[in-house]
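Residue numbers (the numbering used here), protein chains in the order written: chain F, 33 to 318; chain L, 13 to 163; chain E, 7 to 114. Don't be surprised by glycine CBs; every beta carbon is placed ideally from N, CA and C. None of these values were measured; they are calculated from a predicted model.
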Amino acid sequence: MKKQYLVSVAAIAMAGALSTAAVAGGPVDEKLVIDGEIEMTTRTAPPEGHPLDELISGWHYRTVETRALETDSFENPGMLGVEDGEQIWNTVEGTEGKSCASCHGDAAESMKDVGAHFPKWDAESGRPINIELQINKCRTERMGAEAYKFDKGGQKPLTAYIKRQSLGTPVSIDLSQGDMQSWWEKGKEMYYTRTGQLNLSCATCHEDHNGQFIRADHLSQGQINGFPTYRLKQGALVSVHNRFRGCIRDTRAEMPAAFSDELMALEVYVTWRGTGLSVETPAVRQ
Amino acid sequence: MTLTRRSMLTLSVGAAIGVAAGMRTGPAAASAEDAMAKVKEFAGGAEPATGTITLDAPEIAENGNTVPISVSVDSPMTDDDYVTSVAIYADGNPSPEVITFNFTPLSGEASATTRMRLAKTQNVIAVAKTSKGGVFMDKKEVKVTIGGCGG
Amino acid sequence: MATVKPRVKVPKSASAGEVITIKTLISHPMESGQRKDKEGNPIPRKIINKFTCEFNGQTVFSCDLDPAVSANPYLEFTAKVNEAGTFKFAWVDDDGSVYTHEQEIALK
Numbered sequence: 033m034k035k036q037y038l039v040s041v042a043a044i045a046m047a048g049a050l051s052t053a054a055v056a057g058g059p060v061d062e063k064l065v066i067d068g069e070i071e072m073t074t075r076t077a078p079p080e081g082h083p084l085d086e087l088i089s090g091w092h093y094r095t096v097e098t099r100a101l102e103t104d105s106f107e108n109p110g111m112l113g114v115e116d117g118e119q120i121w122n123t124v125e126g127t128e129g130k131s132c133a134s135c136h137g138d139a140a141e142s143m144k145d146v147g148a149h150f151p152k153w154d155a156e157s158g159r160p161i162n163i164e165l166q167i168n169k170c171r172t173e174r175m176g177a178e179a180y181k182f183d184k185g186g187q188k189p190l191t192a193y194i195k196r197q198s199l200g201t202p203v204s205i206d207l208s209q210g211d212m213q214s215w216w217e218k219g220k221e222m223y224y225t226r227t228g229q230l231n232l233s234c235a236t237c238h239e240d241h242n243g244q245f246i247r248a249d250h251l252s253q254g255q256i257n258g259f260p261t262y263r264l265k266q267g268a269l270v271s272v273h274n275r276f277r278g279c280i281r282d283t284r285a286e287m288p289a290a291f292s293d294e295l296m297a298l299e300v301y302v303t304w305r306g307t308g309l310s311v312e313t314p315a316v317r318q
Numbered sequence: 013m014t015l016t017r018r019s020m021l022t023l024s025v026g027a028a029i030g031v032a033a034g035m036r037t038g039p040a041a042a043s044a045e046d047a048m049a050k051v052k053e054f055a056g057g058a059e060p061a062t063g064t065i066t067l068d069a070p071e072i073a074e075n076g077n078t079v080p081i082s083v084s085v086d087s088p089m090t091d092d093d094y095v096t097s098v099a100i101y102a103d104g105n106p107s108p109e110v111i112t113f114n115f116t117p118l119s120g121e122a123s124a125t126t127r128m129r130l131a132k133t134q135n136v137i138a139v140a141k142t143s144k145g146g147v148f149m150d151k152k153e154v155k156v157t158i159g160g161c162g163g
Numbered sequence: 007m008a009t010v011k012p013r014v015k016v017p018k019s020a021s022a023g024e025v026i027t028i029k030t031l032i033s034h035p036m037e038s039g040q041r042k043d044k045e046g047n048p049i050p051r052k053i054i055n056k057f058t059c060e061f062n063g064q065t066v067f068s069c070d071l072d073p074a075v076s077a078n079p080y081l082e083f084t085a086k087v088n089e090a091g092t093f094k095f096a097w098v099d100d101d102g103s104v105y106t107h108e109q110e111i112a113l114k
């Protein structure tokens with residue numbers, strides 16, 4: 033551990049960021065309890081065949097102020113997006129004159145724990161779909177409304193609203209459905225393939241170096257149990273595929289399109305890497 | 013300290029990302045003098061005393077876009093002795109003004125919390141004025157870090 | 007979503023003379039006027055520039071906001087409650103819009 037710490041300090045100094053060892057390495061040892069009552073699983077044993085010894089939510093890697101924002105659902109600015117989502121849930125759209133609520137009723141019941149088990153196999157299209165694509169499916173096939181474009185319209189708020197109904201539920205996906213297993217394999221391959229001018233893979237940063245610093249950023253395991261997350265940087269909800277694309281861009285590699293086969297495979301695999309962590313949506317990150 | 017292959021990798025990752033992300037260059041920043049000029053103007057010529065007012069701000073902000081700050085002033089908050097206002101300034105932002113809180117005896121306490129933007133590492137300054145003509149000031153430096161992953 | 011929606015947290019009741027904490031959050035980009043769009047054109051300033059809180063018609067707290075306040079402005083402050091009544095909150099936008107919210111409080 034001592035060695036790692038020295039290294040992180042050296043890395044910071046090298047990169048010309050903070051020269052003082054401002055924050056020590058490693059995730060903090062604290063408990064995430066939301067509104068003083070919902071105890072979250074933010075550290076857990078990994079599923080069989082997982083490369084890490086312990087799965088740790090990104091929450092543990094953030095500063096005390098950022099962590100605090102997530103513990104109170106009033107102070108969490110991501111909840112503004114969740115409330116937008118609730119409004120959209122109840123709004124009639126499309127040629128069928130229906131809202132989400134027309135068929136699904138009260139989301140607190142019908143969507144309870146649903147978000148913790150996506151992506152799911154979609155037999156119709158022969159590929160896994162995430163919540164964003166499930167929403168588009170209901171819009172186009174059942175409401176006579178247009179599909180939301182990536183990150184547009186009600187996509188982020190509705191996704192956040194649906195996932196919020198699983199707050200605290202452990203993430204788990206069913207890899208025995210359809211061809212999920214082969215998409216998992218494809219995602220795993222992507223995760224470990226070094227790409228871009230910087231020749232980095234997701235694993236380089238989030239598996240080999242989590243707990244260390246890149247400039248002043250404290251590297252986490254890159255878990256997605258809190259998405260869409262509220263990022264302080266954007267001051268808005270950020271979707272999983274947006275985050276993936278950002279991380280890929282930083283290796284200076286070509287970014288696959290949102291919802292492409294590549295990113296869906298990656299989402300299946302990265303979701304599995306967080307098996308057992310509570311859904312934190314909307315998590316607050318820097 | 014011996015550098016293992018793994019630690020060398022960290023170094024190169026750090027360095028490479030440092031270059032990739034580039035240094036952020038924003039609009040011209042207010043100088044410390046601009047901020048102090050604002051403080052003077054707000055204080056109406058009085059020399060601010062220390063104490064009585066406490067500004068709480070993180071030592072290190074993980075992201076300069078949302079930095080929580082709190083201010084509180086010791087005061088009886090009665091009709092004839094209360095804090096009328098507290099102004100917050102930042103001496104390294106494009107302009108120094110951040111927010112001015114206006115209190116009344118009905119506020120009960122002279123305390124408030126908000127979230128602010130900091131363009132870079134700088135001082136945050138809080139100045140309070142009381143109904144009796146008192147002026148108090150507190151100041152905290154907040155280090156703003158630059159992340160490695162744009163995301 | 008461009009809807010501007012205030013959220014306010016006030017206790018349902020208080021004892022006479024009690025000092026309560028009020029939290030408010032409003033969805034708003036607080037466009038600072040310092041940023042440029044993709045074509046390099048400056049994005050015009052559009053912020054919430056004023057907030058007020060009244061209780062039974064009397065001012066409790068107010069503030070003047072500048073572009074350095076974060077998006078989705080969060081404000082936390084206190085109020086001394088001497089009687090039952092209604093809090094009125096108002097946020098004033100640069101474009102002249104005023105967003106309001108009311109909340110009642112009872113005496114214990």
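Residue 61 of chain E - containing beta strand (DSSP E), residue span: Position 55 of the third sequence, counting from 1, holds the residue named residue 61 of chain E. 54–61 is the extent of the beta strand (DSSP E) around residue 61 of chain E.
Endpoints, beta strand (DSSP E) assigned at residue 90 of chain E: Along the third sequence, one-based indexing puts residue 90 of chain E at 84. Looking at the DSSP string, residue 90 of chain E is not in any beta strand (DSSP E), and its letter there is neither H nor E.
Cα-Cα separation, residue 240 of chain F to residue 87 of chain F: By 1-based counting over the first sequence, the position of residue 240 of chain F is 208. By 1-based counting over the first sequence, the position of residue 87 of chain F is 55. Going by the C-alpha atoms only, they are around 14 Å apart.
Classification of residue 311 of chain F by the beta-carbon crowding that lies within 10 angstroms, buried from 16 upward: Here the question's residue 311 of chain F lines up with position 279 in the first sequence. Residue 311 of chain F is buried by the Cβ-count criterion.
Beta strand (DSSP E) segment containing residue 123 of chain L, residue limits: For the purposes of this step, residue 123 of chain L is taken as residue 111 along the second sequence, with counting starting at 1. Per DSSP, residue 123 of chain L belongs to the beta strand (DSSP E) from 122–128.
Rounded separation between residue 68 of chain E and residue 57 of chain E - CA only: Here residue 68 of chain E corresponds to residue number 62 of the third sequence, with the count starting at 1. Here residue 57 of chain E corresponds to residue number 51 of the third sequence, with the count starting at 1. Each residue's alpha carbon lies about 5 Å from the other.
DSSP three-state assignment for residue 189 of chain F, whether helix, strand or coil: What you label residue 189 of chain F is simply residue 157 of the first sequence in a count that begins at 1. Three-state DSSP puts residue 189 of chain F in a helix.
Spatially closest choice to residue 67 of chain F from F:59, F:287, F:293, F:107, by CA coordinates: On the first sequence, residue 67 of chain F is found 35 positions in, with the first residue counted as 1. Per the Cα distances, F:107.
Any C-beta of chain F under 8 Å from that of residue 72 of chain L: By one-based count along the second sequence, residue 72 of chain L stands at place 60. With 8 Å as the cut-off, residue 72 of chain L counts as an interface residue toward chain F.
Contacts that residue 97 of chain F makes with chain L (C-beta to C-beta distance below 8 Å): For the purposes of this step, residue 97 of chain F is taken as the residue at position 65 of the first sequence. In chain order: 70, 73, 74, 79, 80.
Cβ-based neighbour list, residue 127 of chain L, same chain, cut-off 8 Å, excluding 5 preceding and 5 following: Taking the second sequence and counting its residues from 1, the one referred to as residue 127 of chain L is at position 115. Excluding positions up to five away in sequence, the list reads 78, 79, 80, 81.
Integer-rounded CB distance, given that residue 136 of chain L should sit under 8 Å from residue 58 of chain L: The sequence position of residue 58 of chain L within the second sequence is 46, counting from 1. The sequence position of residue 136 of chain L within the second sequence is 124, counting from 1. Not confirmed; about 21 Å, so no contact.
Where residue 221 of chain F falls, given that 16 or more other Cβ within 10 Å makes a residue buried: Here residue 221 of chain F refers to the residue found at position 189 of the first sequence. Its Cβ having fewer than 16 others within 10 Å, residue 221 of chain F is exposed.
Range of the contiguous beta strand (DSSP E) that encloses residue 107 of chain E: Here residue 107 of chain E is taken as the residue at index 101 of the third sequence, counted from 1. Taken as a continuous stretch (DSSP letters only), the beta strand (DSSP E) holding residue 107 of chain E covers 104–113.
Which listed residue (E:29, E:55, E:26) has its alpha carbon closest to that of residue 38 of chain E: Along the third sequence, read from residue 1 onward, the residue named residue 38 of chain E stands at position 32. Residue 38 of chain E has its Cα closest to that of E:55, out of E:29, E:55, E:26.
One or two residues paired with residue 153 of chain F in a DSSP bridge: As a position in the first sequence, residue 153 of chain F is number 121, starting the count at 1. BP columns for residue 153 of chain F point to F:160.
is_contact[residue 264 of chain F, chain L] using C-beta, thresh 8 Å: Taking the first sequence and counting its residues from 1, one reaches residue 264 of chain F at position 232. Chain L, which has a Cβ nearer than 8 Å to the Cβ of residue 264 of chain F, makes this yes.
Presumed contact (8 Å Cβ cut-off) between residue 273 of chain F and residue 254 of chain F, rounded CB distance: Taking the first residue of the first sequence as 1, we reach residue 273 of chain F at position 241. Taking the first residue of the first sequence as 1, we reach residue 254 of chain F at position 222. The Cβ separation is near 14 Å, so there is no contact.
Same chain, Cβ closer than 8 Å to residue 111 of chain L, five either side skipped, listed in chain order: Within the second sequence, residue 111 of chain L is the residue found at index 99, counting from 1. Result list for residue 111 of chain L: 99, 100, 126, 128, in chain order.
Residue 136 of chain F to residue 64 of chain L span [Cα, whole Å]: Counted from its first residue, the first sequence places residue 136 of chain F at position 104. Counted from its first residue, the second sequence places residue 64 of chain L at position 52. Each residue's alpha carbon lies about 56 Å from the other.
Residue-level contact to chain L via CB, residue 93 of chain E, 8 Å cutoff: The residue given as residue 93 of chain E occupies position 87 in the third sequence. So, not an interface residue.
Residue 224 of chain F, buried or exposed, once every other Cβ within 10 Å from all chains shown has been counted against 16: As a working mapping, residue 224 of chain F is identified with position 192 in the first sequence. Exposed, because fewer than 16 other Cβ atoms sit within 10 Å of the Cβ of residue 224 of chain F.
Three-state secondary structure assigned by DSSP to residue 201 of chain F: Sequence index remark: in the first sequence, residue 201 of chain F carries index 169 (1-based). DSSP places residue 201 of chain F in coil when its eight states are reduced to three.
Closer than 8 Å to chain L by CB, residue 113 of chain F: In the first sequence, residue 113 of chain F corresponds to position 81, counting from 1. Judged by the 8 Å Cβ criterion, residue 113 of chain F is not in contact with chain L.
Chain-order list of residues whose beta-carbon lies under 6 Å from that of residue 219 of chain F (same chain, five-residue window excluded): On the first sequence, residue 219 of chain F is found 187 positions in, with the first residue counted as 1. Same-chain partners within the cutoff: 297, 298, 300, 301.
Length of the line joining the Cα atoms of residue 96 of chain L and residue 59 of chain F: Reading the second sequence from its first residue, position 84 is the one you call residue 96 of chain L. Reading the first sequence from its first residue, position 27 is the one you call residue 59 of chain F. Near 43 Å, if we compare the C-alpha coordinates of residue 59 of chain F and residue 96 of chain L.
Where residue 291 of chain F sits in the DSSP three-state scheme: Residue numbering aside, residue 291 of chain F sits at position 259 when the first sequence is read from its first letter. Coil, per DSSP.
Length of the line joining the Cα atoms of residue 94 of chain L and residue 51 of chain L: For the purposes of this step, residue 94 of chain L is taken as residue 82 along the second sequence, with counting starting at 1. For the purposes of this step, residue 51 of chain L is taken as residue 39 along the second sequence, with counting starting at 1. Computed Cα separation, rounded: 20 Å.
Cβ of residue 126 of chain L within 8 Å of any chain F Cβ: As a working mapping, residue 126 of chain L is identified with position 114 in the second sequence. No - not a single Cβ of chain F is within 8 Å of the one on residue 126 of chain L.
Chain F residues whose Cβ lies nearer than 8 Å to that of residue 13 of chain E: The residue labelled residue 13 of chain E in the question sits at position 7 within the third sequence. Under the 8 Å cutoff, chain F gives 106, 111, 112, 115.
Local conformation of residue 36 of chain E per DSSP, three classes: Here residue 36 of chain E refers to the residue found at position 30 when the third sequence is read from its first residue. DSSP places residue 36 of chain E in coil when its eight states are reduced to three.
Residue 112 of chain F, enclosing alpha helix (DSSP H) - first and last residue: If you number the first sequence from 1, residue 112 of chain F lands on position 80. It spans 110–121 - the alpha helix (DSSP H) in which residue 112 of chain F sits, taken as one unbroken run.
Local conformation of residue 307 of chain F per DSSP, three classes: Against the first sequence, residue 307 of chain F aligns to sequence position 275. Coil at residue 307 of chain F, not helix or strand.
At least three beta-carbon pairs within less than 8 Å, the region 123–141 of chain F to the region 198–212 of chain F: no
Residue 200 of chain F beta carbon less than 8 Å from that of residue 283 of chain F: Translated into positions along the first sequence, residue 283 of chain F becomes position 251. Translated into positions along the first sequence, residue 200 of chain F becomes position 168. Their beta carbons are not under 8 Å apart, which means residue 283 of chain F does not touch residue 200 of chain F by this criterion.
Cβ of residue 17 of chain E within 8 Å of any chain L Cβ: For the purposes of this step, residue 17 of chain E is identified with residue 11 of the third sequence, where counting begins at 1. By this cut-off, residue 17 of chain E is not an interface position.
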